[in-house]
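Protein chains: 2
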Amino acid sequence: MENQVTAHEVAKLAGVSQSSVSRVFTKGASVSEKTREKVLKAAEQLGYRPNEYARSLIKRKSSLIGLVMKGVSNPYYPHAVKKFTSELKKLGYSVLLIDTDDVELQMQDIDALLSYHVAGVVIMDATASFQTAEMLRRFRIPAVLFNRVVPGTGLHSVSCENESAAREIARLLIARGCKSFTYVGGREGASTHIERLKGFTEELENHGFGCQVLPGDFTYGTGYRNGAEMIESGRLTDAVFAVTDLMAYGIYDAFRDRGVRVPEQVKLVGFDDIEMSSWSSYNLSTYAHPVDRMVALSIELLLDPEQSHAEGEVHYLTGEMRLRGTT
Amino acid sequence: MENQVTAHEVAKLAGVSQSSVSRVFTKGASVSEKTREKVLKAAEQLGYRPNEYARSLIKRKSSLIGLVMKGVSNPYYPHAVKKFTSELKKLGYSVLLIDTDDVELQMQDIDALLSYHVAGVVIMDATASFQTAEMLRRFRIPAVLFNRVVPGTGLHSVSCENESAAREIARLLIARGCKSFTYVGGREGASTHIERLKGFTEELENHGFGCQVLPGDFTYGTGYRNGAEMIESGRLTDAVFAVTDLMAYGIYDAFRDRGVRVPEQVKLVGFDDIEMSSWSSYNLSTYAHPVDRMVALSIELLLDPEQSHAEGEVHYLTGEMRLRGTT
DNA sequence: TTCAAAATTGCATACGTATGCAAATTCCTA
DNA sequence: TAGGAATTTGCATACGTATGCAATTTTGAA
């Protein structure tokens, strides 16, 4: 950085003023074709890049978007992250990554977002939501909760049609002739868990069926334990709906290890459609998130000033059922 | 950002000069306890955060580290990413994420790294290495290749003891009584592939054994196809070593689908020890990367001026064998 | 060819912070 | 209490770029 090439040096070499150099690199500014060529040639020769710090400072506008996640619990997120970075890059934004579950660092993370005056924040981590949301509101930084809904924060949410998807799954299992049902859930309070539980149990009730509800936390391990316990306590049902694919794998493996066959004895459905679900070891029926559309909408909400300063709303997008071997 | 609170406003409220405010937020600067308190109080009241753009500009030093990855092919990387962000945050750095496999955006990605004059770059993506490495050298930006070695770039590499680990795996399989061997590889040219292949085949040769080598690309799908083909062409061996866990899963599933039992008929070993390997559906024997130490060393190399400007070296760290159900 | 309109250019300044320097204050010792 | 050393403070400036304004050049029509 000490040997930084500046617009002044480019200007000198090109025989123009610093302003002209700046205008060449500022879209929407007017420069003659002749100077543009001279400047670009000199710039290439020197390896000039506009200094983003000076630029953001003078424009009073950041080109960074904060991406807040916590750990790597679910392979579903890396896909979304990649989509975000690609799409944002096309719009000229870069991504500031916040990814830790160290509570002591959380304040530092928020500081970073504020120090860089990020143009917006995407939150993929529920636990950070409350503290962070407050700060974001205070500093009027546009924010979107991705795949979660946290009532009362006033932030925009972009989520999947969890409830109606869960209803669809219920109807599917009924149509397959199942008579008894289990729902294995996620962390208490998580909107994905709440909404999927609601849709599933209500739809079953509409058709005159009850539902066994088991607690979970979105992890494979807990899925496995739930699956094992269902068998050992004799509470196995005709159908199991797991709140995420990851938990479904655990349940499936617990069944397989104990000789319970899927789908012959039990039908199993997950949620997310992460890559592994199409692997032959699981071949899991599941509900696919409309990830690309969710990302696109999130970005739109963040960057449209109309939207981003409006009171937060919840946007539910429709995904698609993927029928595979477990039903 | 338009309603940015500046050091001047804090200074006015606290009744001191802007310089004093700056000194309170600059570590190593000398301020009296009295002014510090006044300033901190005023700062909190106004919600002041030093503007990182102005700061980086005047100090001519970035607090950003670029993290370059490509897609999400291997669940191994998210763990490393998280570790990087946490450790870097402790040192006062934030992470600029580059994550795309869109070739057209690659130049823009490099521009971003240069525009922000990142203090260093961690590269987790082999394909970007060549183009990017050249740029990084030209602009004297410290860089570390993580889990890959690309000869001739002059960049530091932090990697796992692939070769000796592969030898250890060969000896293990021999000790288990295997007589015929297969190696299923990764993308041609990838250092992890080359080194593991070399260690494995050489050690087998030392003991008088040959080895069938099958081409691969690090993906589950190709693992599966290789596994299937081995059976269908009658070239199944006593032991199979896959270049990554991900490929091992594919091979395993192909075997399972065709009634070939692991480990009774075939012993199977992977590499990486990602979380799934301990799941009961695979319970895969594998070699665990020393991820934490690899990350720590990478950061050390990046931030130590002595190291970062020295000619790049390859640093191999020792991991640990994880014996599970497939051997 | 001439002259007004349009386009382009350079000058000067501002963004918010860090820091060398000199002035002001505090501290310590005699 | 005096007076010199040490600490703290404010002033002024610089970092590299974008942009309003005025000066200059180019364009186009008569």
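Protein chains in written order, with full-length UniProt numbering: chain A, 1 to 327; chain B, 1 to 327.
Ideal Cβ positions, reconstructed from N, Cα and C, are used throughout, including at glycine.
All of these numbers come straight from a predicted model, not from anything done at the bench.
Got a sec? Which residues, its chain only, sit under 7 Å from B/A42 by beta carbon, not counting five neighbours each side?
Within the second sequence, residue 42 of chain B is the residue found at index 42, counting from 1. Apart from sequence neighbours up to five positions away, the residues of its chain that approach B/A42 with a beta-carbon distance below 7 Å are V10, L13, A14, ordered along the chain.
Beta strand (DSSP E) segments (min. 3 residues) lying fully within the stretch 280 to 315 of chain B
Counting whole runs of 3 or more residues, the stretch 280 to 315 of chain B contains the beta strand (DSSP E) stretches 286 to 288.
Chain A contacts from the stretch 137 to 165 of chain B (Cβ-Cβ distance under 8 Å)
R138, F139, R140
Let me know the alpha helix (DSSP H) ranges lying completely inside the stretch 73 to 121 of chain A, each 4 residues or longer, listed in chain order.
76 to 90, 106 to 115
Bridge partners of A/R322, per DSSP?
What you label residue 322 of chain A is simply residue 322 of the first sequence in a count that begins at 1. Its beta-bridge partners are A/T286.
Between the C-alpha atoms of B/I251 and A/M276, what's the straight-line distance to the nearest angstrom?
If you number the second sequence from 1, residue 251 of chain B lands on position 251. If you number the first sequence from 1, residue 276 of chain A lands on position 276. Straight-line Cα distance between these residues: approximately 14 Å.
With distance defined between alpha-carbon atoms, name the residue in B/V262, B/M230, B/G221 nearest to B/T244.
Translated into positions along the second sequence, residue 244 of chain B becomes position 244. Closest by alpha carbon: B/G221.
Reduced DSSP secondary structure (H/G/I, E/B, other) of B/I141:
Start at 1 with the first residue of the second sequence, and residue 141 of chain B comes out as number 141. DSSP places B/I141 in coil when its eight states are reduced to three.
Rounded to the nearest angstrom, what separates A/H79 and A/I274 at their Cα positions?
As a first step, residue 79 of chain A is located in the first sequence; it is residue number 79 there, counting from the start. As a first step, residue 274 of chain A is located in the first sequence; it is residue number 274 there, counting from the start. For the pair A/H79 and A/I274, the Cα-to-Cα distance works out to about 9 Å.
So the candidates are B/V122, B/V103, B/I65, B/K38; which of them puts its Cα closest to the Cα of B/Y77?
If you number the second sequence from 1, residue 77 of chain B lands on position 77. Closest by alpha carbon: B/V122.
Alpha carbon to alpha carbon, how far is A/H8 from A/L46? Give it in angstroms, no decimals.
Stepping through the first sequence from its first residue, residue 46 of chain A is reached at position 46. Stepping through the first sequence from its first residue, residue 8 of chain A is reached at position 8. The alpha-carbon atoms of A/L46 and A/H8 are separated by roughly 11 Å.
Scan the stretch 215 to 268 of chain A and note each continuous beta strand (DSSP E) run of 3 residues or more that stays entirely inside, going in chain order.
239 to 242
Three-state secondary structure (DSSP) of B/F146
Numbered from 1 along the second sequence, position 146 holds the residue referred to as residue 146 of chain B. Looking at B/F146 - three-state DSSP - the assignment turns out to be strand.
As assigned by DSSP and simplified to three states, the class of B/G66:
As a working note, residue 66 of chain B is residue 66 in the second sequence. The answer is strand: DSSP assigns B/G66 an E or B state.
Under 8 Å between C-beta atoms of A/T327 and A/E161:
If you number the first sequence from 1, residue 327 of chain A lands on position 327. If you number the first sequence from 1, residue 161 of chain A lands on position 161. For A/T327 and A/E161, no; Cβs fall outside 8 Å.
Going straight from the alpha carbon of B/T192 to that of B/L145, what length do you get?
Along the second sequence, read from residue 1 onward, the residue named residue 192 of chain B stands at position 192. Along the second sequence, read from residue 1 onward, the residue named residue 145 of chain B stands at position 145. Using only the alpha carbons, I get a separation of about 12 Å.
Tell me the rounded alpha-carbon separation between B/D272 and B/D292.
Looking up residue 272 of chain B in the second sequence gives position 272. Looking up residue 292 of chain B in the second sequence gives position 292. Rounded to the nearest angstrom, the two C-alpha atoms are 13 Å apart.
Let me know if A/E168 comes out buried or exposed under the rule of 16 or more other beta-carbons within 10 Å of its beta-carbon.
Within the first sequence, residue 168 of chain A is the residue found at index 168, counting from 1. When all chains shown are included, A/E168 counts as buried.
If you pair each beta-carbon of the stretch 46 to 63 of chain A with each one of the stretch 105 to 115 of chain A, do three or more pairs fall below 8 Å?
In the pairwise beta carbon analysis, the stretch 46 to 63 of chain A is classified as not touching the stretch 105 to 115 of chain A: fewer than three pairs are separated by under 8 Å.
Measure the CB-CB distance between A/E159 and A/V314 and report whether it falls below 8 Å.
For the purposes of this step, residue 159 of chain A is identified with residue 159 of the first sequence, where counting begins at 1. For the purposes of this step, residue 314 of chain A is identified with residue 314 of the first sequence, where counting begins at 1. Reading off the sequence, residue 159 of chain A comes out as Ser, not Glu. With respect to A/V314, A/S159 sits close: the two C-beta atoms are nearer than 8 Å.
According to DSSP, is B/Q45 helix, strand or coil?
Indexing the second sequence from 1 puts residue 45 of chain B at position 45. Correct three-state label for B/Q45: helix.
Output yes if chain B places a C-beta closer than 8 Å to the C-beta of A/I98; else output no.
Position 98 of the first sequence holds residue 98 of chain A. A/I98 has a beta carbon lying within less than 8 Å of a beta carbon in chain B.
When you compare only the Cα positions, how much space is there between B/L96 and B/E87?
As a working mapping, residue 96 of chain B is identified with position 96 in the second sequence. As a working mapping, residue 87 of chain B is identified with position 87 in the second sequence. About 14 Å.
So B/V158 is in the beta strand (DSSP E); what residue range does that whole segment cover?
Reading the second sequence from its first residue, position 158 is the one you call residue 158 of chain B. Unbroken beta strand (DSSP E) run through B/V158: 156 to 160.
DSSP state of B/Q18 mapped onto helix, strand, coil
Sequence index remark: in the second sequence, residue 18 of chain B carries index 18 (1-based). B/Q18: helix per DSSP, three-state reduction.
If we ignore side chains and look at the alpha-carbon of each, how far apart do B/S280 and A/V260 end up?
The residue labelled residue 280 of chain B in the question sits at position 280 within the second sequence. The residue labelled residue 260 of chain A in the question sits at position 260 within the first sequence. In a straight line, the C-alpha of B/S280 is about 15 Å away from that of A/V260.
Please list the terminal residues of the continuous alpha helix (DSSP H) segment that includes B/E200.
The sequence position of residue 200 of chain B within the second sequence is 200, counting from 1. Residue 200 of chain B is actually Phe in this sequence, not Glu. Run containing B/F200: 191 to 206, per the alpha helix (DSSP H) assignment.
Residues in the same chain with beta-carbon distance under 7 Å from B/R176, minus the five sequence neighbours each way, listed in chain order, please.
In the second sequence, counting from the first residue as 1, residue 176 of chain B sits at position 176. Excluding residues within five positions, the ones whose Cβ falls inside 7 Å are K267, T327.
For B/D272, the residue or residues it bridges with in DSSP
Position 272 of the second sequence, counting from 1, holds the residue named residue 272 of chain B. B/D272 pairs with B/A288.
Going straight from the alpha carbon of B/E311 to that of B/S157, what length do you get?
Residue 311 of chain B sits at position 311 when you count from the first residue of the second sequence. Residue 157 of chain B sits at position 157 when you count from the first residue of the second sequence. Distance between B/E311 and B/S157, taken at the CA atoms: about 11 Å.
Ignore the nearest five residues each way along the sequence and tell me which others in B/D238's own chain have a CB closer than 6 Å to its CB.
What you label residue 238 of chain B is simply residue 238 of the second sequence in a count that begins at 1. Cβ within range, chain order: C178, K179, S180.
What residues of chain A sit near B/E229, judged by a beta carbon separation below 8 Å?
For the purposes of this step, residue 229 of chain B is taken as residue 229 along the second sequence, with counting starting at 1. Simply none; closest approach about 15 Å.
Near A/A254, what residues of its chain come up, given a Cβ to Cβ distance below 6 Å and the 5 sequence neighbours on each side ignored?
Counted from its first residue, the first sequence places residue 254 of chain A at position 254. Result list for A/A254: Y224, G227, A228, in chain order.
Residue(s) in a DSSP beta bridge with A/L317
Against the first sequence, residue 317 of chain A aligns to sequence position 317. A/L317 is bridged to A/C160.
Taking the alpha-carbon positions, what's the B/T85 to A/D99 distance?
Sequence index remark: in the second sequence, residue 85 of chain B carries index 85 (1-based). Sequence index remark: in the first sequence, residue 99 of chain A carries index 99 (1-based). Each residue's Cα considered, the two are about 6 Å apart.
Cut-off 7 Å between Cβ atoms - residues of its own chain near B/G283, not counting five sequence neighbours on either side:
Counting from one through the second sequence, the residue named residue 283 of chain B turns up at place 283. According to the sequence provided, residue 283 of chain B is Asn. The question's Gly does not apply to it. Correct list, in chain order: R324, G325, T326.
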